[in-house]
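Here's the structure we're looking at; comments come further down.
Chains as they are written, first to last, in my numbering: chain A, 9 to 569; chain B, 9 to 569.
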């Protein structure tokens with residue numbers, strides 16, 4: 009008898025359905041747990057095959073917007089149409105719901121149940137920065153809230169229009185490369201450009217621009233395919249290769265900004281000593297100060313042929329942490345991608361990356377790397393060939409000294425293959441009432457173990473809950489911890505309470521409220537506690553400066569209001 | 009007959025004299041031009057041997073403070089004594105003059121002539137941060153200006169107490185290492201610690217702290233020996249090895265800050281996504297927001313044995329620029345120190361670094377590297393051995409491809425030997441009425457030649473004026489230009505007018521107002537033009553937030569008031 013495997017949904021969401029809004033990514037792409045992972049889930053979550061036969065709320069009904077009339081006067085709507093062009097303005101219910109929702113788990117849970125949270129009244133697709141300026145000025149004058157939608161991948165209610173008003177959708181028209189400057193190794197783009205479009209142009213710069221070389225943007229967050237440059241900057245994203253290329257904070261040289269207070273471009277010098285840097289003050293402001301309409305970013309030579317891959321199984325999490333710390337502090341340059349999974353995640357990763365059941369699996373066991381103790385370390389390098397090779401050599405030495413066993417570059421290739429597709433798992437699991445979500449934090453080397461243990465133990469205290477953790481962005485001074493927690497919840501409220509308890513725990517243990525997801529309205533309530541009153545007041549002063557009438561992303565962003 | 013060589017002053021400045029204040033560095037250390045440089049100066053500045061026989065204003069009179077009574081009431085002075093301790097408060101004339109002057113050329117010129125600019129009324133040497141807090145709170149209450157003196161090496165009237173009040177001298181007591189955290193590779197120091205004390209402790213960490221390794225701070229500005237960590241942060245300094253270690257902006261992880269508005273410590277995570285970074289907002293605020301009492305900084309492994317040195321003579325400035333651009337964009341890691349001198353500076357450098365007259369000189373000429381065309385490129389690497397060696401290998405390849413001739417590591421060693429002593433030349437030249445000063449700017453690769461040519465040609469338009477230029481801090485996107493201009497001026501006014509015309513030119517040509525000297529009160533007047541009104545208003549808003557009564561470094565700092 010063949011093992012049971014669920015009949016996962018693979019059809020496209022129905023047109024104008026709830027599902028078409030909450031489903032991650034491309035509408036016709038799905039990713040399901042493989043058979044090994046399915047079995048693990050069943051066991052860990054105490055589920056039976058039967059639990060995987062009925063799908064209760066697929067969310068394929070056509071959305072219905074009740075009691076949410078457009079609250080903005082029809083004169084205003086006409087004005088906006090006059091500014092932005094009638095084709096670029098919509099008060100259609102579906103559009104309003106679509107552009108009011110991101111990828112926060114609680115949003116998906118609600119939409120599945122046919123519940124619609126606050127929406128904006130008008131959706132506007134600005135054609136260019138002049139229109140953005142006019143709209144922001146108009147809204148400031150009329151006190152109409154303005155929310156900015158980049159790619160819509162926020163996982164913390166980043167652009168949720170809790171006060172109604174207008175949502176500016178940047179991806180529709182404002183998605184062009186403005187200039188590629190090979191001399192300076194910079195590119196200037198409109199903020200609504202998507203990751204793949206941006207990267208494709210850079211990868212083919214020779215052909216498209218007649219440059220001497222091809223380039224890469226160096227920034228590959230997991231949301232890469234469905235997020236925009238503007239969103240990366242607004243929420244301070246980090247790419248999966250940030251240990252070499254830097255975080256988005258490091259990559260942005262200058263921005264053109266539209267605010268209720270005025271419009272300006274910061275200067276794109278690589279460094280200056282002319283007082284506090286305005287460009288940096290804007291980064292991470294999550295739409296609460298204004299709208300980034302374009303940005304100038306560093307680009308990097310595109311040399312995939314130089315990439316060196318490595319993976320190791322380490323005896324324990326302590327050994328894995330020690331190894332990555334030594335790598336990050338080794339002063340031989342950083343691997344671009346580097347990640348370590350704790351024991352529970354390693355167990356799943358070995359299933360996902362095709363190691364379980366292979367000869368490597370046998371060798372690991374034979375050599376005494378114990379299940380639920382051993383930890384996976386993956387990495388690859390970028391940059392010039394000799395540089396990249398030297399890194400691999402040093403990494404090998406350090407990993408072996410700390411008890412590592414090489415698993416070759418194979419699992420890394422598997423990881424690279426699936427690097428952007430894991431988020432698709434969320435919907436497949438949710439179809440069977442399993443909720444997967446993530447929270448992440450920055451840690452220092454001297455508090456990583458405390459935070460890992462204590463946050464993990466809070467999560468594991470809940471019965472039948474999986475907690476997988478990895479660190480994936482490295483600095484000489486520390487790294488991040490990324491907690492993935494999987495469970496079944498009776499109600500959305502139960503889920504949200506649990507999520508809150510984890511955020512609270514991270515905050516209490518001294519982790520940062522976010523390493524690269526941003527804060528949004530979901531984590532905003534903890535900001536004052538995290539930063540302290542004095543520092544919150546600085547952010548509030550800046551907010552008031554740029555946006556005295558509080559029209560930009562109002563309603564809790566960064567805990568500002 | 010032996011060639012004439014001037015009888016340069018070598019005696020210690022007289023006690024309590026003007027000279028004891030304006031003289032750079034250690035009181036018993038002098039550095040004079042060598043015979044070759046002396047001859048060059050004489051020729052270029054159209055001077056005779058006779059001009060080098062009479063010293064007009066040595067500045068060795070005891071200072072006299074006329075018409076500058078202490079304007080603060082004696083009750084206030086008593087209050088300050090009660091807060092800071094009577095031994096740590098001075099209203100002595102000499103102290104007031106001393107701690108009111110930095111190393112700006114116009115200050116030295118005035119002091120030589122017995123002219124004393126504005127001074128603060130009281131000099132306070134705070135024992136600890138609690139006293140700083142009390143004093144700032146007291147001064148905020150009474151509207152007394154507060155100026156902060158770190159090491160006193162500002163070259164742009166950074167802490168000049170133009171409004172009188174109190175000068176806090178941080179170096180006297182607040183100069184300790186608070187904690188060395190080897191796990192995180194960080195150190196926390198009081199802001200008044202001097203470079204050498206700081207570096208010595210790190211270099212001997214194993215012995216002092218029982219760490220596993222010795223460390224380096226990685227930040228070596230030319231003022232290193234006489235500047236403090238607090239000053240480095242306040243003015244956004246860059247060390248001579250910044251191309252590898254980063255600028256001070258990159259090195260500071262967190263700060264403890266005292267402001268009229270309140271006191272707080274930023275959080276020392278290596279990265280976060282929790283809104284605009286308060287730590288970065290404080291950097292470069294030049295004492296106008298508050299007082300940095302301590303800071304946590306990145307430290308680096310101390311491995312001088314790995315250093316690889318290289319130098320090349322390049323056919324032209326264009327070739328030198330191209331070479332360093334290719335190095336900086338080569339993605340094999342950056343040399344720590346890298347510098348290129350333009351043709352005029354090369355001419356002097358070859359004299360200074362002992363190349364002129366050697367076999368190398370002959371080879372250069374034989375191979376066609378022409379005087380006043382050829383340009384010197386110097387560099388050395390830091391970091392892990394394999395990493396460092398690979399950089400040297402790549403650099404060699406790039407330099408040779410661009411027509412470079414290796415001059416070995418010898419000139420680099422000479423440069424290293426004199427790296428901190430060149431500023432001593434200023435006083436020796438000034439003794440014979442020759443004024444040497446510097447202005448510097450950030451440039452991008454696509455405007456480096458325009459800025460270099462046009463600023464240089466403005467300087468050279470003045471008769472009998474030497475202009476030497478180098479670039480010494482490198483990024484993939486650009487570098488800096490450092491203009492050294494030497495001339496004779498009839499009056500201080502004439503000098504100041506000339507200096508202003510250069511700043512104006514840099515600004516007009518699109519260079520940054522400063523790459524690493526900071527802005528101070530000297531360049532403040534250009535800030536609005538440089539940043540634009542909108543961005544100046546952001547800085548002013550922050551200023552008002554932290555310091556509503558404008559007591560912190562008032563009188564033109566950063567162009568804020």
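Quick reminder that beta carbons are idealized off the backbone N, C-alpha and C, glycines included.
State whether the stretch 85-103 of chain B contacts the stretch 558-568 of chain A, with contact taken as three or more CB pairs (one from each stretch) at a distance under 8 Å. Not touching, per the Cβ criterion.
What residues in the stretch 515-534 of chain B bring their beta carbon closer than 7 Å to a beta carbon of chain A? 520, 521, 522, 523, 524, 525, 526, 527
Starting from the Cα of residue 548 of chain A, find the closest Cα among B:379, B:463, B:74, B:283 and give me that residue. Taking the first residue of the first chain as 1, we reach residue 548 of chain A at position 540. Of the listed residues, the one whose Cα sits closest to residue 548 of chain A is B:283.
Nearest to residue 319 of chain B by CA position, among B:343, B:309, B:312, B:519, is which residue? Within the second chain, the letter at position 311 stands for residue 319 of chain B. Among B:343, B:309, B:312, B:519, the Cα nearest to that of residue 319 of chain B is on B:343.
By Cβ distance, which residues of its chain are closer than 6 Å to residue 286 of chain B, with the 5 residues on each side in sequence left out? Taking the first residue of the second chain as 1, we reach residue 286 of chain B at position 278. Counting only Cβ-Cβ distances below 6 Å, and skipping sequence neighbours, we find 274.
Chain-order list of residues whose beta-carbon lies under 6 Å from that of residue 178 of chain A (same chain, five-residue window excluded): Walking along the first chain from the start, residue 178 of chain A turns up at place 170. Same-chain partners within the cutoff: 158, 199, 200, 238.
Hey, how far is the Cα of residue 175 of chain B from the Cα of residue 87 of chain B? For the purposes of this step, residue 175 of chain B is taken as residue 167 along the second chain, with counting starting at 1. For the purposes of this step, residue 87 of chain B is taken as residue 79 along the second chain, with counting starting at 1. Residue 175 of chain B and residue 87 of chain B: Cα-Cα distance of roughly 15 Å.
What is the DSSP secondary structure of residue 547 of chain A, reduced to helix, strand or coil? In the first chain, counting from the first residue as 1, residue 547 of chain A sits at position 539. Note: residue 547 of chain A maps to helix in three-state DSSP.
Going by the beta-carbon positions, is the gap between residue 348 of chain B and residue 479 of chain B smaller than 8 Å? Reading the second chain from its first residue, position 340 is the one you call residue 348 of chain B. Reading the second chain from its first residue, position 471 is the one you call residue 479 of chain B. In contact: residue 348 of chain B and residue 479 of chain B (Cβ atoms closer than 8 Å).
Examine chain A for any beta-carbon lying closer than 8 Å to the beta-carbon of residue 511 of chain B, and answer yes or no. Mapped onto the second chain, residue 511 of chain B falls at position 503. Cβ-Cβ to chain A under 8 Å: no for residue 511 of chain B.
CB residue 99 of chain B to CB residue 70 of chain B, shorter than 8 Å? Translated into the one-based positions of the second chain, residue 99 of chain B becomes position 91. Translated into the one-based positions of the second chain, residue 70 of chain B becomes position 62. Not a contact, by the Cβ cut-off of 8 Å.
Would you report the Cα separation of residue 386 of chain B and residue 372 of chain B, rounded to the nearest angstrom? Translated into positions along the second chain, residue 386 of chain B becomes position 378. Translated into positions along the second chain, residue 372 of chain B becomes position 364. Distance from the CA atom of residue 386 of chain B to the CA atom of residue 372 of chain B, rounded to whole angstroms, is 16 Å.
Taking the CB atoms as reference points, tell me whether residue 195 of chain A and residue 307 of chain A lie closer together than 8 Å. In the first chain, the residue the question calls residue 195 of chain A occupies position 187. In the first chain, the residue the question calls residue 307 of chain A occupies position 299. Yes, these two residues count as a Cβ contact at 8 Å.
Based on the DSSP secondary-structure assignment, which residues constitute the bridge partners of residue 490 of chain A? Residue 490 of chain A sits at position 482 when you count from the first residue of the first chain. Residue 490 of chain A pairs with A:448, A:478.
Contact belief for residue 531 of chain A with residue 487 of chain A at Cβ below 8 Å, rounded distance in angstroms: Numbered from its first residue, the first chain carries residue 531 of chain A at position 523. Numbered from its first residue, the first chain carries residue 487 of chain A at position 479. About 20 Å separates the two Cβ atoms, so there is no contact after all.
May I ask you to report which of helix, strand or coil DSSP gives residue 322 of chain B? The count along the second chain starts at 1 and reaches residue 322 of chain B at position 314. DSSP places residue 322 of chain B in strand when its eight states are reduced to three.
Would DSSP call residue 339 of chain B helix, strand or coil? Taking the second chain and counting its residues from 1, the one referred to as residue 339 of chain B is at position 331. Three-state DSSP puts residue 339 of chain B in coil, outside helix and strand.
Can you check whether the C-beta of residue 446 of chain B is within less than 8 Å of a C-beta belonging to chain A? Taking the second chain and counting its residues from 1, one reaches residue 446 of chain B at position 438. Closer than 8 Å: no.
Quick one: which chain B residues come within Cβ less than 7 Å of residue 418 of chain A? Your numbering for residue 418 of chain A matches position 410 in the first chain. Neighbours of residue 418 of chain A on chain B: none; closest Cβ ~25 Å, over 7 Å.
To which residues does DSSP link residue 264 of chain B through a beta bridge? Within the second chain, residue 264 of chain B is the residue found at index 256, counting from 1. Beta-bridge pairing links residue 264 of chain B to B:273, B:302.
Check whether the Cβ atoms of residue 73 of chain B and residue 124 of chain B lie closer than 8 Å to each other. Residue mapping note: residue 73 of chain B aligns to position 65 of the second chain, counting from 1. Residue mapping note: residue 124 of chain B aligns to position 116 of the second chain, counting from 1. Cβ distance < 8 Å, so residue 73 of chain B and residue 124 of chain B count as in contact.
What in chain B is Cβ-close to residue 395 of chain A, meaning under 9 Å? In the first chain, residue 395 of chain A corresponds to position 387, counting from 1. Residues of chain B passing the Cβ test: 338, 339, 340, 341, 395, 398, 399, 402.
Given this structure, state the Cα-to-Cα distance separating residue 81 of chain B from residue 119 of chain B, to the nearest angstrom. Residue 81 of chain B sits at position 73 when you count from the first residue of the second chain. Residue 119 of chain B sits at position 111 when you count from the first residue of the second chain. Residue 81 of chain B and residue 119 of chain B: Cα-Cα distance of roughly 27 Å.
Beta-carbon of residue 453 of chain B versus every beta-carbon of chain A: anything under 8 Å? As a position in the second chain, residue 453 of chain B is number 445, starting the count at 1. So yes, residue 453 of chain B belongs to the interface.
Where residue 180 of chain B meets chain A, residues with beta-carbon distance less than 8 Å: Counted from its first residue, the second chain places residue 180 of chain B at position 172. Near residue 180 of chain B there are no residues of chain A at all, since even the closest Cβ is about 26 Å away, more than 8 Å.
On the DSSP letters alone, give me the boundaries of the alpha helix (DSSP H) that residue 44 of chain A sits inside. Here residue 44 of chain A refers to the residue found at position 36 when the first chain is read from its first residue. Per DSSP, residue 44 of chain A belongs to the alpha helix (DSSP H) from 43-52.
Where in the stretch 376-449 of chain A do unbroken runs of the beta strand (DSSP E), each at least 3 residues long, occur, reported from the N-terminal end onward? 383-388
Do residue 32 of chain A and residue 278 of chain A come within 8 Å of each other at the CB atom, strictly closer than that value? On the first chain, position 270 is the one that residue 278 of chain A refers to. On the first chain, position 24 is the one that residue 32 of chain A refers to. No, Cβ-Cβ distance for residue 278 of chain A and residue 32 of chain A is not below 8 Å.
I want to see whether chain A comes within less than 8 Å of residue 348 of chain B, judged by CB atoms only; does it? Within the second chain, numbered from 1, the residue matching residue 348 of chain B stands at position 340. No, no contact with chain A.
Contact check, residue 527 of chain B vs residue 164 of chain B, beta carbons under 8 Å: Here residue 527 of chain B refers to the residue found at position 519 when the second chain is read from its first residue. Here residue 164 of chain B refers to the residue found at position 156 when the second chain is read from its first residue. Taking a C-beta distance under 8 Å as the contact criterion, residue 527 of chain B and residue 164 of chain B qualify as a contact pair.
Cβ shell of residue 484 of chain A (< 6 Å), same chain only, five flanking positions each side left out: Stepping through the first chain from its first residue, residue 484 of chain A is reached at position 476. Around residue 484 of chain A: 336, 337.
Output needed for residue 404 of chain B: all residues of its chain with C-beta closer than 8 Å, excluding positions within five of it in sequence on either side, in chain order. For the purposes of this step, residue 404 of chain B is taken as the residue at position 396 of the second chain. Only 318, 414 meet the Cβ criterion.
Cβ distance (whole Å) where residue 27 of chain B is taken to contact residue 68 of chain B below 8 Å: For the purposes of this step, residue 27 of chain B is taken as the residue at position 19 of the second chain. For the purposes of this step, residue 68 of chain B is taken as the residue at position 60 of the second chain. The Cβ separation is near 5 Å, so the contact holds.
At a CB-CB cut-off below 9 Å, which residues of chain A make contact with residue 547 of chain B? Start at 1 with the first residue of the second chain, and residue 547 of chain B comes out as number 539. The answer, in chain order, is 283, 284, 286.
Chain B beta carbons: is any one of them nearer than 8 Å to that of residue 543 of chain A? Taking the first residue of the first chain as 1, we reach residue 543 of chain A at position 535. True, the Cβ-Cβ gap to chain B drops below 8 Å.
Nearest-angstrom Cα distance between residue 424 of chain B and residue 222 of chain B? As a first step, residue 424 of chain B must be located in the second chain, where it is residue number 416. As a first step, residue 222 of chain B must be located in the second chain, where it is residue number 214. Approximately 21 Å, taken between the alpha carbons.
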